Structures are given as C-alpha cells and as structure tokens.
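Residue numbers (the numbering used here): 164 to 394. Note that the Cβ used here is the ideal one computed from N, Cα and C, for glycine as well. These numbers were taken from a predicted model, which means no experiment stands behind them.
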C-alpha cells in the first residue's frame, strides 16, 4: 500500500478506532442551544480546530518525532511520558481526559493488529492508557507518514467527527456540511503545519489553546443518562 493510501486509511472515519461514537462536544453544544444551524456549526468547528485541533495535532506530531529516535537509544519512553503528562495538564475537564485515553486504547488495539512492530511498548504504562494523539503519532510513524501528515490526520479528525455528528443531531444537509468542510480545508492545513513545527519544542512549551466552555459542556454531558454520543 502506498503512503498516500495509508494517509487516507488512517484519516478515514471508518478506521476501527471508535471515532464514530464521539461528537467532539457537539452533542452538548446542540443541547445548550449554542449550535443550531450550518453557520453556528461552522463557527463551532473553526473554534474546535483552533483549540483541540491544534493541541492534539501538535502532540501527535511530537509523538511521531519521539518514534523517530532509534530503538537502541534511551529516552523515547521518557519523552512520551512527558508528552502524556503535558497533554493531561492541557485537558482541563476530567471527562475529556477519560475520552482521550479511551480513544487511545481503541486506536492502540487497531495499531497493534496492523503494525505490531511499532514502539507502542514505550507509551506510559497507565491503567487507563495513553492519550489518543500520542498513539496516533506512533501509528503514523509506523505507517511511514511524515510529521505534517500526522498532524493533518489529527487536525482533520477534530473536524470530521463533529461535522458528521451535526448531520445526525441537527438534520443538516450532508452536502452542505461537506461544503463547509471544504471551506475549512485551508485552515486545517495551516493548523497542521503550525502543529508540526510546534513538535520541535520541549513538551512544556507546546501549544496549550483552551476552550473553557467546551470543558464545561463535556462535564455536563458526562452526567447524562441518555445520549447519542460518548462525548
């Protein structure tokens, strides 16, 4: 399989990592009346890309960079542990930390089945698993993708999951939603490029863009007994 095909494979929402079960916070935003139509969905996606998209893409690219360290060299596990701790610190809502680690576990199961030689053993050995962006970075490195491609997949994923959820939650025209994603393509590429550059910084200096309202929504959403999406 060629590298472009692998990029498409890992960016595909049908990749068996459970992404389809998450709305990226949109379900709670819809319930709160903050997203009601195509225009407000576009604003929601743009905000998500600038915050969770940038941070997640930067940490995925940084994990990819850690995977480039030769196996015989010490320090890879320490770098990944620092990245995991720093990403945890940037995820203020406990509910979102749980979601990120659950998605990381799901992605790790797929990754181990497809690329068993990837350095997954260097991920932090926590009971709840590593954060999803770190697993994604190692997975993309094992697939032979570049750091920019890794960041692009991460940034793209923050858009498509919520966009797809918008069709289901609001009954929006799927063609118009896809046109909306086309309109955000340049912003997605720009975010990925910024994230790939940020991967060269020490973990403590990496992007920390936050969305406090999204954190509040995530905590409220986690208390619902009935919901369509896991997050």
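Inter-residue Cα distance where the pair is residue 351 and residue 317: 10 Å
Cβ-heavy atom distance, residue 212 to the ligand FMN, below 7 Å: Among the components modelled here there is no ligand, and therefore nothing to report on the ligand FMN.
Beta carbon of residue 332 nearer than 8 Å to that of residue 193: yes
Distance between residue 379 and residue 323 (C-alpha atoms, nearest Å): 22 Å
Buried versus exposed, by CB contacts within 10 Å (16 or more), residue 176: exposed
Separation of residue 335 from residue 201, as counted between CA atoms: 7 Å
Neighbour-count burial assignment, residue 328, 16 or more Cβ in a 10 Å radius: buried
Residues of its chain near residue 204, where Cβ-Cβ distance is below 6 Å and the 5 sequence neighbours each way are ignored: 198 and 329
Runs of beta strand (DSSP E) lying entirely within the segment 315-366, each at least 3 residues, in chain order: none
Cβ contact (3+ pairs, closer than 8 Å) linking the segment 239-249 and the segment 275-290: yes
Backbone CA spacing between residue 208 and residue 287 [nearest angstrom]: 31 Å
Length of the line joining the Cα atoms of residue 278 and residue 391: 32 Å
Residue ranges of each alpha helix (DSSP H) within the segment 214-242, 4 or longer: 217-230
Through-space distance from residue 253 to residue 371, alpha-carbon basis: 6 Å
Spatially closest choice to residue 387 from 190, 174, 170 and 357, by CA coordinates: 190
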